[in-house]
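**Q**
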Amino acid sequence: MKYIKFKYVSLFLSLSIVISSCVAEDDLIQVDPNNDAVDSFWADDQDALQGVNAAYGSLLTDGTYMRSTPLLLDLKGDDCRSNSPWGAMYNVGRFNSNVADAAIYGWAYETYYQGIYRANQVLDKVPGIAMENEALKNRILGQAYFLRGLYLFHAVNMFKNVPVPVELAAFYPQKTEAEGWAQVIEDFKTAADMLPVSYTSGISGLDLGEVGRATKGAALAYLGKAYLFTQDFTNARDAFKAVIDLNVYALVSNYRDNFTDKNENNSESVFEVQFSREAGGVDLGWGGAPQSGWGKTSARAITYGPRAFGWTDVQPTWTLFNEFHEESTISGEVDPRLDATMFYNKPGGMMLYGQDFATFYGNNPSDLNDLFCRKYQNSDGEYANEYDWRSGINERLMRYSDVLLMYAETLNETGATASAYTYIQEVRDRVNLPDLSVTKPGMSQAEMREQIGHERFLEFALEGHRFDDIRRWGWLEDTNKLNWLKSRDAEYATYSEGREFFPIPQLEIDNNPGTTQNLGY
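If you want it as structure tokens, here you go:
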């Protein structure tokens, strides 16, 4: 991997943390710590903190969670579809990304390695800074390990055989998928040992009270997820149990609170990307050198937005809609997660952006009888639409419900199927679904696998988890399962072996001799 070192002196927006007490405007303007020309940087604890803030900043631009990464994670799942007029987006869910056009997936690849580079700068420079507060230094280093692990997690997960940079250098050779996962696991293990449970108490230093930074729970949760993705169920189980045993997380009572800007960083949030309409400027961070006008807002809402309120590049599938109706709540109602997940012509009415769905789309039968995304939409009446491109809703990367269901999965895979019921039911109880141990008692391991697939499909729809689950469960190699997926989502008709991963961007192959393209491209 060749890194382009930007030769510039510019103002850098610390696009990383929204603290609970709010950030002063002057605090947002900093000298860019990634600029080699700034010789005076990396001198004190403030520099160290700004350095790790820069590593967080790579989570906020177009290649990552401003827009591209959610699209890459979502569109291959059978929970959503795309009829975008933009070919690069349209083709993601059809497993047909173009090697000659690296739009979207290439931007993500580039930004993951930008984030890794920034994290490596912290890991290289901060140990040499004389700091009186050694605990603060350890927390900063722990966050750098976490962020490097997170960016590399995405790179390995989406692109398979990739460079694995662990130091500052000009070139890095392509590594195997196994080598990539090994480094991800090592980084999260190190981060878990160095990070605090919380930044609101029990610590002192410049980061005190800064909600949104990586914690021990976040590192353990991602450690468990990395183990799970590599089929190491025993270590995954232990990592998830460690998160549960921290006793700091709990499901929020209202499922929808996980997808609006009204209850961010809540008790269910293990790690989320911090967006805000109030911090910074009003320009979107499309990528490249940071600009002083960049804000901290997301383009997800407009990209996924309902017709006439956004671009409608992503929509839920009818398969998802129908599966929400397979089981009623204890009181005989439809699963309430349906209304939190999508807009549709609901009997009795449904509001979006202050408009009645049936009335607004009444003169267009196609839209009236269609499905639109509701998660991560500013649609509760405060905004007329998403056309200002500036959503401030935080992206919830890891929720406690995910930890619970992944833990249940590891229990099932390690022979404790009966124990998995408890943790699945904790998620079901929130939405008033019947006791699974009563409705489906004594499930076999294979039956429980299928049940967990169903539970995860509904709980995490449109949150970037479904295709990861499909791939790691081996469904693409199972003829019966693949045919089943094709019956649920017509986009699977164009799947071919190897296309579960994205192509290595051609620029990477050109700049890094010896890099080989992924199978199928």
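Counted the way mature numbering (1 follows the signal peptide of the UniProt record, and there is no 0) counts, the sequence shown spans residues -24 to -1, 1 to 497.
Glycine included, each C-beta is placed from N, C-alpha and C at the ideal position.
Just so you know, these numbers come straight off a predicted model, no measurement behind them.
Nearer than 6 angstroms: is that true of the beta carbon of PRO282 relative to any heavy atom of the ligand MG?
**A** Here there are no bound small molecules, and the ligand MG is not part of this structure.
**Q** What distance in whole Å lies between the Cβ atoms of GLN401 and LEU347, which are believed to be in contact at a cut-off of 8 angstroms?
**A** Counted from its first residue, the sequence shown places residue 347 at position 371. Counted from its first residue, the sequence shown places residue 401 at position 425. About 28 angstroms; that fails the 8 angstroms criterion.
**Q** Return the residue from the list ASN211, GLU299, GLU153 that minimises the CA-CA distance to TYR137.
**A** Along the sequence shown, read from residue 1 onward, the residue named residue 137 stands at position 161. The question names Tyr, but residue 137 in the sequence shown is Asn. Checked all of ASN211, GLU299, GLU153; the closest Cα to ASN137 is GLU153.
**Q** Using the rule of at least 16 other Cβ atoms within 10 Å of the residue's Cβ for burial, across every protein chain shown, is GLN207 buried or exposed?
**A** As a working mapping, residue 207 is identified with position 231 in the sequence shown. Classification for GLN207: exposed.
**Q** Mind checking whether ARG464 and ASP445 have CB atoms under 7 angstroms apart?
**A** Counting from one through the sequence shown, the residue named residue 464 turns up at place 488. Counting from one through the sequence shown, the residue named residue 445 turns up at place 469. It is not a contact, given that the beta carbons lie outside the stated cut-off.
**Q** What number of angstroms, rounded off, separates the C-alpha of residue 498 from the C-alpha of THR386?
**A** There is no way to answer for residue 498, as the model of the chain reaches only from -24 to 497.
**Q** Quick check: what's the CA-CA separation for TYR81 versus GLY418?
**A** Here residue 81 refers to the residue found at position 105 when the sequence shown is read from its first residue. Here residue 418 refers to the residue found at position 442 when the sequence shown is read from its first residue. Answer to the nearest angstrom: the Cα atoms are 43 angstroms apart.
**Q** Starting from SER245, follow the beta strand (DSSP E) in both directions and report where the run begins and ends.
**A** Sequence index remark: in the sequence shown, residue 245 carries index 269 (1-based). DSSP places SER245 in the uninterrupted beta strand (DSSP E) bounded by 245 to 249.
**Q** Is it the case that the Cβ atoms of TYR41 and LEU35 are separated by a distance below 7 angstroms?
**A** On the sequence shown, residue 41 is found 65 positions in, with the first residue counted as 1. On the sequence shown, residue 35 is found 59 positions in, with the first residue counted as 1. Contact: yes.
**Q** For TYR85, which of GLU155, MET107, VAL102, PRO139 has the nearest alpha-carbon?
**A** Against the sequence shown, residue 85 aligns to sequence position 109. For TYR85, the nearest C-alpha among the options comes from PRO139.
**Q** Quick check on DSSP: helix, strand or coil for GLY156?
**A** Mapped onto the sequence shown, residue 156 falls at position 180. Looking at GLY156 - three-state DSSP - the assignment turns out to be helix.
**Q** Assign PHE147 to buried or exposed, taking buried as 16 or more other Cβ atoms, counted over all protein chains shown, within 10 Å of its Cβ.
**A** Looking up residue 147 in the sequence shown gives position 171. The residue is exposed, with fewer than 16 neighbouring Cβ atoms inside 10 Å.
**Q** Buried or exposed: which applies to GLY496, given that a residue is buried once 16 or more other Cβ atoms fall within 10 Å of its Cβ?
**A** As a working note, residue 496 is residue 520 in the sequence shown. Exposed.
**Q** Provide the residue span of the alpha helix (DSSP H) that contains MET424, from first to last.
**A** Taking the first residue of the sequence shown as position 1, residue 424 is located at position 448. That run of the alpha helix (DSSP H) goes 421 to 435.
**Q** Identify the continuous alpha helix (DSSP H) that holds GLU402 and give its terminal residues.
**A** On the sequence shown, position 426 is the one that residue 402 refers to. Note, GLU402: alpha helix (DSSP H), 393 to 406.
**Q** Hey, quick one: how far does the alpha helix (DSSP H) through GLY82 stretch, first residue to last?
**A** Your numbering for residue 82 matches position 106 in the sequence shown. Per DSSP, GLY82 belongs to the alpha helix (DSSP H) from 81 to 101.
**Q** Starting from the C-beta of ASN494, find all residues in its chain whose C-beta is less than 8 angstroms away, skip the five residues before and the five after it, and write them out in chain order.
**A** Stepping through the sequence shown from its first residue, residue 494 is reached at position 518. Here the set comprises PHE135, LYS136, ASN137, GLY474, PHE477, PHE478, PRO479, ILE480.
**Q** What does a CB cutoff of less than 6 angstroms around ALA195 pick up in its chain, not counting 5 residues either side in sequence?
**A** In the sequence shown, counting from the first residue as 1, residue 195 sits at position 219. Within the same chain, ALA195 has close Cβ partners PHE122, PHE164, ALA167, ALA168, LEU171.
**Q** Nearest to GLY308 by alpha carbon, out of VAL407, TRP18, THR317?
**A** Along the sequence shown, read from residue 1 onward, the residue named residue 308 stands at position 332. Considering only alpha carbons, the answer is VAL407.
**Q** Runs of 4 residues minimum, wholly inside the region 174 to 250: which ones carry the alpha helix (DSSP H) assignment?
**A** 192 to 205, 209 to 221
**Q** For ASP259, which residues does DSSP report across the bridge?
**A** Numbered from 1 along the sequence shown, position 283 holds the residue referred to as residue 259. Answer is TRP270, bridged to ASP259.
**Q** Note down, in chain order, each residue of its chain lying with its Cβ closer than 8 angstroms to the Cβ of VAL403, except the 5 sequence neighbours on either side.
**A** Taking the first residue of the sequence shown as 1, we reach residue 403 at position 427. Here the set comprises LEU227, SER377, LEU380, LEU381, GLU431, GLU435.
**Q** Quick one: what's LEU328 bridged to in DSSP?
**A** On the sequence shown, residue 328 is found 352 positions in, with the first residue counted as 1. The secondary-structure analysis by DSSP pairs LEU328 across a beta bridge with GLN331.
**Q** Which residue or residues does DSSP assign as beta-bridge partners of SER252?
**A** Along the sequence shown, one-based indexing puts residue 252 at 276. Answer is LYS272, bridged to SER252.
**Q** Indicate the three-state DSSP secondary structure (helix, strand or coil) for PHE135 in the structure shown.
**A** What you label residue 135 is simply residue 159 of the sequence shown in a count that begins at 1. It is helical.
**Q** For the beta strand (DSSP E) containing LEU373, list its first residue and its last residue.
**A** Position 397 of the sequence shown, counted from the first residue, corresponds to residue 373. Segment 371 to 375, the beta strand (DSSP E) holding LEU373.
**Q** In whole angstroms, what separates the C-alpha of VAL219 from that of MET374?
**A** Here residue 219 is taken as the residue at index 243 of the sequence shown, counted from 1. Here residue 374 is taken as the residue at index 398 of the sequence shown, counted from 1. Computed Cα separation, rounded: 12 angstroms.
**Q** Among the residues of its own chain, which have a CB less than 8 angstroms from the CB of residue 537, if the five just before and after it don't count?
**A** Here the chain comprises residues numbered -24 to 497, so residue 537 is not present and cannot be evaluated.
**Q** How big is the Cα-Cα spacing for SER413 and THR455?
**A** Along the sequence shown, read from residue 1 onward, the residue named residue 413 stands at position 437. Along the sequence shown, read from residue 1 onward, the residue named residue 455 stands at position 479. Taking the CA atoms as reference points, SER413 sits about 31 angstroms from THR455.
**Q** Whole alpha helix (DSSP H) runs in the region 282 to 362 with 4 or more residues, listed along the chain?
**A** 294 to 299, 313 to 317, 333 to 336, 341 to 344
**Q** Where residue 518 and SER180 are concerned, what is the direct C-alpha to C-alpha distance, given to the nearest angstrom?
**A** As displayed, the chain neither begins before -24 nor continues past 497, which places residue 518 out of reach and without an answer.
**Q** Sort out for me which residues DSSP pairs SER367 with in a bridge.
**A** For the purposes of this step, residue 367 is taken as the residue at position 391 of the sequence shown. SER367 pairs with SER274.
**Q** Going by CA-CA distance only, name the one from GLN159, GLN353, GLU108, PRO410 that's closest to ILE92.
**A** Within the sequence shown, numbered from 1, the residue matching residue 92 stands at position 116. Residue nearest to ILE92 within the set GLN159, GLN353, GLU108, PRO410 is GLN159 (criterion: CA-CA distance).
**Q** Count the other CB atoms within 10 Å of the CB of VAL258; is the residue buried (16 or more) or exposed (fewer)?
**A** By 1-based counting over the sequence shown, the position of residue 258 is 282. Under this definition VAL258 is an exposed residue.
**Q** Please classify residue 498 as buried or exposed, where buried requires at least 16 neighbouring CB atoms within 10 angstroms.
**A** Lying before the first or after the last residue shown, residue 498 is absent from the chain, which here runs from -24 to 497.
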